[in-house]
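A.B. asks:
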Amino acid sequence: MATIVETPKPLTQADFKGRVDPDWCPGCGDFGVLAAVQKALVELQIPNHQIVTVSGIGCSSNFPGFIETYGMHTLHGRSLPVATGLKMANHELTVLVTGGDGDGLGIGGNHLTHTMRRNVDLTYIIMDNQIYGLTTGQTSPTSRLGMKTKSTPHGNIEGPINPITMALAAGATFVARGFSGEQKHLTELIRQAIQHKGFSFLDVFSPCVTYNKDNTFQWFRPRVKKLEDNPAYDSTDWMAAMEKSTLWGEEIPIGKFYERTDLPSLDQAEPVLKDGPMAGRAPHIDPAIARTFIEELM
Amino acid sequence: MSHTFSIGIGGAAGQGVATPGDIFAKIFSRRGLHLNAYNAYQSIIRGGHTFLTIRAGVDPVTNMGDTMDLLIPLNQDTMDRHLRLLGRGGACIYNADAIKPGEYAEGVQLCGLPVSTLADITKNKVAQNTLAMGAALSMMGIGFQSLEDVIREQFGKKAPAVGDENVAVARAGYDYATQHFRAFARPLPMTDRKYAVLSGNTALAMGGAAAGVKFYSAYPMSPSTGVLHWFAANGRKAGIMVRQVEDEIGVVNMAIGAAHAGVRAMCATSGGGFALMSEALGLSAMAEIPIVVIDCMRAGPSTGVPTKTEQGDLWQMLGAAFGDYPRVIAAPVDIGDCFTLIPEIFNVVDKFQVPGLVLCDLLLSEGRLSVDPSVLNFAPPVDRGEMITAPNGDHGAYKRYKITESGVSPRAIPGIPGYTHVVSSDEHDEDGVLISDMYTNHSKRRAMMEKRMRKEKGIAEAVPPPVLQGPDNADVTLIGWGSTQGVIEEARAQLAEQGITANQLQIRWLAPLHGDAIVELLRNAKRTIIVENNYSGQFARYLRSETSFAADGHIRKYDGEPFMPHHIVEAVREQLAGDVTLSVPSHEVMV
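Chains as they are written, first to last, in the working numbering: chain Y, 12 to 309; chain X, 20 to 610.
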């Protein structure tokens, strides 16, 4: 009898298509981010079942439903702690985290800072549209000074946060900015971010075509300049990254600002994982060790 | 309860109250005696007033008791506050160089130690404490060797010379007392049993380890921090991951993430931290990811009284997170139960994929109790429920939230080929697809809601109803929940001595409550009184809301300190004698 050896077929973008079609507004920047993530996964050929996509709440956060991987749709602002717990309990999984600027930089800002300093091996993509979309157009932590929104009808008197500067200051070991309108470039950034062992932060301009009339595809297109086009730019130089991160206006840099690979990720630093993932371990602890716990009390 | 012996040691924080406490606890437990210790303290690291009560006896000692046999004041403040509480036969050992006794009852023995002549106080700053321990042991009729052994263990680990020096000081105190002071009338007996002495926090943590917890996350908050300390100290040895997180919101969400990966995950906090966790309990329920959250209650609201006990968080638990969802709530009845409850509640929450909440309080968390080591079973039954951890054939057709009769849908953990799905915080369909946005569908919503809520039936069957303890046809039925088990038990014994029979209904599982069974048990009760450590009668209101049962009377305490048996005895007598229906006992001493 002949033995049939099944060679797994290479994964294509169609294999990562989710069970439901995105319900984003036609023309939304998030479509481009979804496509770039799917293309990066095709390039990396990571089997669907070894990936978990985790999101918070907001337009961007329905993402796990639109991609064929394991998914967790969590609470507003809480995707990062959920993803951290998941990754630390099974560090063999590839964990992607997606959300918006309100989710990650507003309500979830505290978690973001700490997840960065911990260097948890996650790829975190902020689909940054500088507005609250799902709540129908209020100012967000990245809305520009003076921007008129439903919650700032007289103009925003608060300045925006700079996600790139913040990520660099908080100790993220991979910091990049992409643009939904630059598919190839974005796909490459996501591929590198997933491959980076440690916390990868990706702020992606993902224009809201319904509520943000300021930061549109047309507004971004002439302004974005790829760091990769400058051969002199050294993405291992933190000070240079800091300096570049402050540029905003006629020229807005996109690309990999910074990466360092000399720091262990949290799972690499965690001694309890030397015996493999937590998930799947036998529940009961070694009786000899258990006995020592009781003897210490006697 | 048979004869007990109680020691009170007090002083300013930083004066070393804890060490004599630990040493006495060790000596008593090694003599085969049961003990209960409770430390009344404040939220400061230096100064203030802290007062530790250790009570020992041959039978289980379930609470701090009413009286003190020996007082060791380490400063004038403690002397002034507590000396008047000693009764005939009691003794007070103190540093006669520095502390002056005040008014005291007849028959109290004042035992002033000439500390500066017995020890070199310039060299040994805690000499007065060590001398007092030596003197106390002599008066209790315990051989010096037992003290010497414990001192060497305590101090000699770092430097044998320090051990030698402290043994010499203790010996001086022991000999001085033998020559100058009267021994206690009833020397402490010995048995050949051996007990483990542990705090409720240690018990909760060890119970978690026994239950198979592989992920523990926390943010430090009194009085729950001891749970984190145990896991942090022992996690690596036990193969348990421990994470200190930026806030309690992160804590509980991290636990949910870990639980979804397939491990048992637990976290502990106090009322304020629990308030922050509230929203995520809804996620646990909606996404059907089981976790266990412990709330070690302290006096509230707000920052409240961080170092004082209360049973004030019941309604917070009952109302935690918005919307309706099945939850399990249990309150351990003593420190040993802090251990045994955790594996039990994990089996229930895993089976039904719901959040499990444990209502502990400062009294148990920070109190210490002697426990038979056999109670600390590190191999309890573990039932993870319907979990899919490897492909099993229904590949492709898998529905995470499949509608079933029991409401429970088999749970596949991430990483298995062929079972990809989304777990969701939004309402969703059987396959996890969100129905809350453009797909909203009222019949699906109703079906999913009913599926989740159907679990309540199974949970109720998995959890036993409470039982009535004590005699039938008692004059009074005392109803308590959680940590008041022991003090009510002792109050019943005292009432019996005074000719009043009392039985007791102690609630351990708060949700599901088994309301029908409770009403049946109370049907023939002559007089029912609910005892609880809060202002508004949170359990009384809960029982009434679930069953329409209204108790005849209430005993409540919300001054930060736990009940003492006589508080309950006097309140019961007051209520039986007249038309008082609410008693609020006053605590006798400021600590």
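Cβ coordinates follow ideal geometry from the N, Cα and C atoms, glycine included.
If contact means a Cβ-Cβ distance below 9 Å, which residues of the segment 250–276 of chain X contact chain Y?
C.D. replies: Asn-253, Gly-254, Arg-255, Lys-256, Ala-257, Gly-258, Ile-259, Met-260, Val-261, Arg-262, Val-264, Glu-265, Asp-266, Ile-268, Gly-269, Val-270, Val-271, Asn-272, Met-273, Ala-274, Ile-275 and Gly-276
A.B. asks: Might you give, ordered along the chain, the residues of its own chain that have their beta carbon closer than 6 Å to the beta carbon of X:Val-11, omitting 5 neighbours on each side?
C.D. replies: Residue 11 of chain X cannot be examined here, being either before or after the span of chain X that is shown, 20 to 610.
A.B. asks: I'd like the list of long-range same chain contacts for Y:Met-12, defined as Cβ closer than 7 Å, with 5 residues on each side in sequence excluded.
C.D. replies: Here Y:Met-12 scores only 48 on pLDDT, less than 50, and its place in the model is too uncertain to base an answer on.
A.B. asks: Sort Y:Thr-23, Y:Ser-162, Y:Asn-140 and Y:Met-127 by Cα distance to Y:Val-186 and report the nearest one.
C.D. replies: Y:Met-127
A.B. asks: Please go through the same chain and pick out, in chain order, the residues whose beta-carbon is closer than 6 Å to the beta-carbon of Y:Glu-261, but skip the five residues on each side of it.
C.D. replies: none
A.B. asks: Less than 8 Å between the CB atoms is what I'm expecting for X:Val-311 and X:Ile-364, so what's the real figure, rounded?
C.D. replies: X:Val-311 to X:Ile-364, Cβ: 6 Å. Contact.
A.B. asks: Just the C-alpha distance for Y:Ala-51 and X:Thr-328, rounded to the nearest angstrom, thanks.
C.D. replies: Taking C-alpha positions only, Y:Ala-51 is separated from X:Thr-328 by approximately 55 Å.
A.B. asks: So with Cβ pairs under 8 Å, would you call Y:Met-12 a contact of chain X?
C.D. replies: Any answer about Y:Met-12 is weak, because its pLDDT of 48 lies below 50 and its placement is not dependable; what the coordinates show is given next. Output row for Y:Met-12: interface = no.
A.B. asks: Can you name the residues that DSSP bridges to Y:Val-106?
C.D. replies: Y:Val-63
A.B. asks: Excluding the five sequence neighbours on either side, which residues of its own chain have a C-beta within less than 8 Å of the C-beta of X:Ala-115, listed in chain order?
C.D. replies: The residues Gly-131, Leu-132, Pro-133 and Val-134, in chain order, have a CB closer than 8 Å to that of X:Ala-115 in the same chain once the five nearest residues on each side in sequence are set aside.
A.B. asks: In whole angstroms, what separates the C-alpha of X:Pro-320 from that of X:Leu-381?
C.D. replies: 15 Å
A.B. asks: Find the nearest neighbour of X:Asn-143 within the set X:Gly-597, X:Ala-304, X:Gln-34 and X:Thr-69, judged by alpha-carbon distance.
C.D. replies: X:Gln-34
A.B. asks: Going by DSSP, which residues form a beta bridge with X:Leu-626?
C.D. replies: Because chain X here runs from 20 to 610, residue 626 of chain X falls outside it and cannot be looked at.
A.B. asks: Going by the beta-carbon positions, is the gap between X:Pro-345 and X:Ser-289 smaller than 8 Å?
C.D. replies: no
A.B. asks: Under the assumption that X:Leu-150 contacts X:Leu-137 (Cβ atoms under 8 Å), give the Cβ distance between them as a whole number of angstroms.
C.D. replies: 6 Å
A.B. asks: Taking Cβ-Cβ distances shorter than 8 Å, what residues in chain Y pair up with X:Tyr-611?
C.D. replies: The question about residue 611 of chain X has no answer, for chain X in this structure spans 20 to 610.
A.B. asks: For the segment 21–88 of chain X, list the beta strand (DSSP E) runs that are entirely contained and at least 3 residues long, ordered along the chain.
C.D. replies: 23–32, 53–59 and 66–76
A.B. asks: Compute the distance between the beta-carbons of X:Pro-39 and X:Ile-112, then report whether it is under 8 Å.
C.D. replies: Not in contact: X:Pro-39 and X:Ile-112 (Cβ atoms no closer than 8 Å).
A.B. asks: Have a look at X:Lys-545, X:Asp-96 and X:Val-588 and flag the residue whose alpha-carbon is nearest the alpha-carbon of X:Ala-117.
C.D. replies: X:Asp-96
A.B. asks: Based on the DSSP secondary-structure assignment, which residues constitute the bridge partners of Y:Asp-214?
C.D. replies: Y:Ile-137 and Y:Arg-188
A.B. asks: Looking at X:Pro-429 and X:Ile-454, is the spacing between their C-beta atoms short of 8 Å?
C.D. replies: no
A.B. asks: Compare the C-beta of Y:Thr-221 with all C-beta atoms of chain X and state if any pair is closer than 8 Å.
C.D. replies: no
A.B. asks: Quick one: grab the DSSP three-state call for Y:Asn-241.
C.D. replies: coil
A.B. asks: Got a sec: is the Cβ-Cβ distance from X:Thr-459 to anything in chain Y below 8 Å?
C.D. replies: So no, X:Thr-459 is outside the interface.
A.B. asks: Name the DSSP beta bridge partners of X:Phe-234, please?
C.D. replies: X:Met-260 and X:Ala-284
A.B. asks: Who are the neighbours of Y:Met-99 on chain X, taking C-beta pairs under 9 Å?
C.D. replies: Phe-234, Met-260, Arg-262, Met-273, Gly-276, Ala-277 and Ala-280
A.B. asks: Over the uninterrupted alpha helix (DSSP H) stretch that includes X:Ala-180, give me the two end residues.
C.D. replies: 179–199
A.B. asks: Taking Cβ positions only, does X:Ser-303 come closer than 8 Å to chain Y?
C.D. replies: no
A.B. asks: For chain X, check one thing: does any of its Cβ atoms lie closer than 8 Å to the Cβ of Y:Ala-243?
C.D. replies: Closer than 8 Å: no.
A.B. asks: Any idea which residues DSSP pairs X:Asp-314 with across the strands?
C.D. replies: X:Thr-288 and X:Leu-378
A.B. asks: What are the boundary residues of the alpha helix (DSSP H) that includes X:Gln-504?
C.D. replies: 504–516
A.B. asks: Please classify X:Glu-551: does DSSP put it in a helix, a strand, or coil?
C.D. replies: Here X:Glu-551 carries a strand assignment [DSSP, helix/strand/coil].
A.B. asks: Taking C-beta to C-beta, are X:Met-467 and X:His-447 nearer than 8 Å?
C.D. replies: yes
A.B. asks: In whole angstroms, give me the CA-to-CA distance for Y:Asn-226 and Y:Thr-153.
C.D. replies: 11 Å
A.B. asks: Are the C-beta of Y:Gly-287 and some C-beta of chain X separated by less than 8 Å?
C.D. replies: No, no contact with chain X.
A.B. asks: Return yes when the Cβ of X:Thr-439 is within less than 8 Å of the Cβ of Y:Glu-79, no when it is not.
C.D. replies: yes
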